Amino acid sequence: MIGSLTLDQLRVLVTIADAGSFSAAGRELRRAQSAISQAVANLEEIQGVELFDRRGHRPRLTEVGRVLVDQARLVLASATRFEAVAASTRAGVEPELTIAIDPLVPTAPLIDSLRMLSETFPDLPVHFSTEGLGGSLRRLRGGSAAIALCLLLPGVPEDIAAYPLLRAPMRAVVSPGHPLSLLGRPATESDLAPHVQLVLSDPVDPGSANYGVAGTRLWRFVDLGRRFDFLLAGFGWCRMPEHLVATLIATGELTAIEIHEDPTPPEGLTIYAAHRRDRALGFAGRWLLDELRRSLVS
């Protein structure tokens, strides 16, 4: 009967298990032993189970008692977190923070700031979402994410406040032995034309804004990892974030190629931290935005 269950009963049960006896639990909780015994008896009656074997000199947890002690610990921990989140919300901290991240965004530069977020707001639940290209901006506009770490191509939309954080260099790569790897010079448009370009696309609108498209034979992917598999298998060429392919280029598992008059900026694509202009960030979201700008931009 969960309606009659109280946190105090669970706290008594856990304290007995930790202290080793009813009398020790009474001393820890500053209650008479008779009050401890009555709390346990009430809990056993309500739940219809025997929590302690009382046949010996000292009551011992039954098998079901040991299981329910573990469950009681979980409930008490959840209740503590419940109170902590409520207290944080009263202080202006949002009840949770959802961050949408584009698949091309490197994780390593963000880790220190996210670790500091965890230390500063230990009771804040944080949710991450990574979808196909364009998914982060879509979540931001739809209200299911407070912050997006994303590309904004061709430019920053008017309804979005965006702050440049870092550049993500891109490399055009193929598998070793692919015809493009044997050119020995920058590939021209006519060189690229016969070969498949593996393109990362918006899953909702695959035909939208084909930034970085230089070929005419296109295979479109929503998932970056799946596209990577096809690249390694020699199905075509594509541009990949340098942080994902630098080691593979160094070991010879991939070959970097140059493209004649490549429109991709050599310094890389700009990664932004963004939020909706009409939706103010909570205290933790604003803190994270300021910390990212402090650590990455400076």
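Residue numbers (the working numbering): 89 to 386.
Glycine included, every Cβ here is placed at the ideal spot set by N, Cα and C.
Quick caveat, the model's predicted, so the values are computed rather than measured.
Closest residue to residue i among the options (Cα-Cα distance)
i	options	result
E277	H348, A188 and D158	H348
P351	E133, A302, L117 and A249	A302
L217	S232, R203 and M204	Before going further, note that residue 217 is Ser rather than Leu in the sequence given. Nearest C-alpha to S217: S232.
V310	S289, A250, R115 and S263	S289
Q126	D106, V385 and D96	D96
F316	E151, V333 and A120	V333
L268	V193, S122 and L319	L319
L380	E330, L342, L202 and G313	L202
P329	V244, E246 and P191	P191
G265	T150, T343, M204 and P242	T343
G193	A160, C238 and E116	Per the sequence shown, the amino acid found at residue 193 is Val instead of Gly. Here the closest residue by C-alpha is C238.
L228	I104, Y360 and A120	Y360
A123	L139, A260 and F110	F110
Cβ separation of residue i and residue j, assumed to be a contact under 8 Å, to the nearest whole Å
i	j	result
V137	L101	No, V137 and L101 are not in contact; Cβ-Cβ is about 12 Å, not under 8 Å.
I345	V262	6 Å
D279	L271	6 Å
D141	R148	5 Å
E184	H145	That belief does not hold up - the Cβ atoms of E184 and H145 are roughly 50 Å apart, past 8 Å.
I248	R365	7 Å
Span of the alpha helix (DSSP H) around residue i
i	result
L192	That residue, L192, is in no alpha helix (DSSP H); it is neither H nor E in DSSP.
V214	Looking at the DSSP string, V214 is not in any alpha helix (DSSP H); the run it does join, the beta strand (DSSP E), is V214 to S217.
D317	L312 to L320
D200	I199 to T208
G243	Run containing G243: none; DSSP gives neither H nor E here.
G223	G223 to G230
Continuous beta strand (DSSP E) stretch holding residue i: start and end
i	result
L306	R305 to F309
A236	I235 to C238
Any non-hydrogen atom of the ligand GTP closer than 7 Å to residue i Cβ
i	result
Q135	As presented, the structure is devoid of all ligands, the ligand GTP included, so that no description of it is given.
Practice task
Write down every uninterrupted run of the beta strand (DSSP E) in the region 249-284 whose length is 3 residues or greater and which is fully enclosed by it, in chain order.
Solution key: 258-262
Practice task
Give, in chain order, every unbroken run of the beta strand (DSSP E) that is at least 3 residues long and sits entirely within the region 329-383.
Solution key: 343-345 and 357-364, all fully within the region 329-383.
Practice task
Would you check if there are 3 or more beta carbon pairs closer than 8 Å linking the region 161-175 to the region 222-239?
Solution key: no
Exercise for the section: Check whether the region 343-360 touches the region 245-260, taking contact to mean three or more Cβ pairs, one atom from each stretch, closer than 8 Å. Expected result: yes
Problem - Sufficient close CB pairs (3 or more, under 8 Å) joining the region 150-169 to the region 187-201 - result: no
Handout entry: Cβ contact (3+ pairs, closer than 8 Å) linking the region 197-217 and the region 333-346
Key = no
Practice task
Take every Cβ of the region 230-248, pair it with every Cβ of the region 364-379, and state whether three or more of those distances are shorter than 8 Å.
Solution key: yes
Problem - At least three beta-carbon pairs within less than 8 Å, the region 323-332 to the region 269-284 - result: With the cut-off at 8 Å, the region 323-332 and the region 269-284 touch.
Practice task
For the region 95-137, list the beta strand (DSSP E) runs that are entirely contained and at least 3 residues long, ordered along the chain.
Solution key: Listed in chain order, there is nothing to give.
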